[in-house]
Amino acid sequence: MKLAVFVSDYRMTVDTLDRLSPEKMGIILVQNGVYHATLKENGTPSSILNKSAEFYALKEDLETRGLDTSMVDSKVKVITLGELVDLMFNDYEKTAWI
Amino acid sequence: MGKLTIGCFASLVGSLNLDFAVKLSAAAIEKGHTVDLWVSGNGTMLSIKDQRPFKDYSHLEKPLKELMAKGLTVTACEACAEARGYNKDVTMEGFKRHSMDWYLASTFDADRVLHIGGE
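Protein sequences appear in the order of chains F and X.
Quick note: the first sequence uses our numbering, first residue 548, plus one each step.
Quick note: the second sequence uses our numbering, first residue 420, plus one each step.
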C-alpha cells in the first residue's frame, strides 16, 4: 500500500510513524509539521527525517511561519497545495493524519 | 479526475485544521476533482453564518461560499452541531446537515479520503 502521512505538528516523539510500514510512504509536513523540515536541535535534524520515506513540506505553511525554502533540509521537497492534490491522487492511495 | 472526501474534526481555538481542509478543497476543485467536505465536533462551527471577519483571524465563510458555488459539497454532523447550539437558523445557506452515515457513504465512493484531526 502507498501511504501518505500528513504530519501536522512538531511533537518530537512521533511514535505513530514507527508503527507504520507501508510498501511506500510519503511524509507530508503541513502546518506546524513543517518545522521538522527546518529546525535542528543541537545541530541534529528532526528524527522524522530518518524514516525511509519521501518527504514533502507545504510551501504555504513554510511561508506563513517565515521559513525560507533555503532553510529546508535537502531530503524534503517543497510543494504547493496543487502539487499536494496531484500527489494524493497519483502517487499515494491511502492517507493518515497525525 | 476523481473524488476526494475530507473529514475534519477540528480541535479548539488555534487549530488550523479547518483552514487546511478548506484550502485543500479549493486546490482539488481547481484541479477538476469533486470534493465532499464533512465537519464534525468543533469543526461544525464552520457551518455558522454571519461570522465576522477580523484581521489576522481565520475567516472561512467567504472562501467557502465561493467553493460551494464551484461545486463543493459541505456537510456538518447534525448531532455535533446541535450539541453546540448551532441549529438550522444559524446555518449557512447551502451547508448540509446529516448524521455520520453521510460521511461514511461519501468515503465509500471516493477515490481518496483524508480524515483530519480529532486530537
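We put the CB at the ideal spot given by N, CA and C, even for glycine.
* Asked: Do you know how far the Cα of X/GLU449 is from the Cα of F/LYS624?
  -> 22 Å
* Cβ-Cβ separation, F/ALA643 to F/LEU581 (assumed contact under 8 Å), whole Å -> Sequence check: residue 581 of chain F is Val here, not Leu. Not confirmed; about 17 Å, so no contact.
* **Proximal chain X residues relative to F/VAL577, where beta-carbon distance stays under 7 Å** => For F/VAL577, the chain X residues whose Cβ falls inside 7 Å of its Cβ are PHE439, in order along the chain.
* **Buried/exposed call for X/LEU523, threshold 16 Cβ in 10 Å** => That one is exposed.
* Asked: By a C-beta neighbour count over all protein chains shown, 10 Å radius and 16 as the cutoff for buried, is X/LYS442 buried or exposed?
  -> buried
* Going along the chain, which residues of the segment 435 to 466 of chain X sit with their C-beta nearer than 8 Å to a C-beta in chain F? -> LEU435, ASN436, PHE439, LYS442, LEU443, ALA445, ALA446, ALA447, GLU449, LYS450 and HIS452
* Where X/THR453 falls: helix, strand or coil (DSSP) -> Strand at X/THR453.
* Could you pull out every residue in the same chain whose Cβ sits closer than 6 Å to the Cβ of F/ALA584, ignoring the five residues on either side in sequence? => For F/ALA584, where only same-chain residues beyond five positions count, the Cβ hits under 6 Å are LEU576, ALA604, VAL619, ASP620 and VAL623.
* **Rounded C-alpha distance that separates X/ASP438 from F/SER599** => 29 Å
* Residue burial classification, X/THR424 (beta-carbon count within 10 angstroms, cutoff 16) -> With 16 or more Cβ atoms within 10 Å of its Cβ, X/THR424 is classed as buried.
* At what residue ranges does the segment 597 to 640 of chain F contain a whole run of the beta strand (DSSP E), taking only runs of 3 or more? -> 601 to 605 and 623 to 626
* **Endpoints, alpha helix (DSSP H) assigned at X/THR492** => Run containing X/THR492: none in the alpha helix (DSSP H); it sits in the beta strand (DSSP E), 492 to 496.
* Does any CB atom of chain F fall closer than 8 Å to the CB of X/ASP528? -> no
* To do: Please classify X/ARG516: is it buried, with 16 or more other beta-carbons within 10 angstroms of its beta-carbon, or exposed?
  => X/ARG516 is buried by the Cβ-count criterion.
* Taking 7 Å as the line, does the beta carbon of F/TYR582 fall inside it for any heavy atom of the ligand GDP? -> Here there are no bound small molecules, and the ligand GDP is not part of this structure.
* List, in order along the chain, the chain X residues whose C-beta lies closer than 8 Å to that of F/MET572? -> None at all; the shortest Cβ gap to chain X is about 16 Å.
* **Residue-chain proximity (F/MET548, chain X), Cβ-Cβ < 8 Å** => Under the Cβ distance rule, F/MET548 does not count among the residues neighbouring chain X, no pair being separated by less than 8 Å.
* **As assigned by DSSP and simplified to three states, the class of X/HIS478** => coil
* To do: Answer yes or no: does any C-beta atom of chain F fall closer than 8 Å to that of X/VAL532?
  => yes
* Continuous beta strand (DSSP E) assignments of at least 3 residues falling wholly in the segment 555 to 601 of chain F -> 571 to 576
* **X/ALA445 in three-state terms, based on DSSP** => helix
* To do: Taking X/GLU485 as the reference, give the member of X/THR526, X/SER434 and X/MET511 with the closest Cα.
  => Per the Cα distances, X/MET511.
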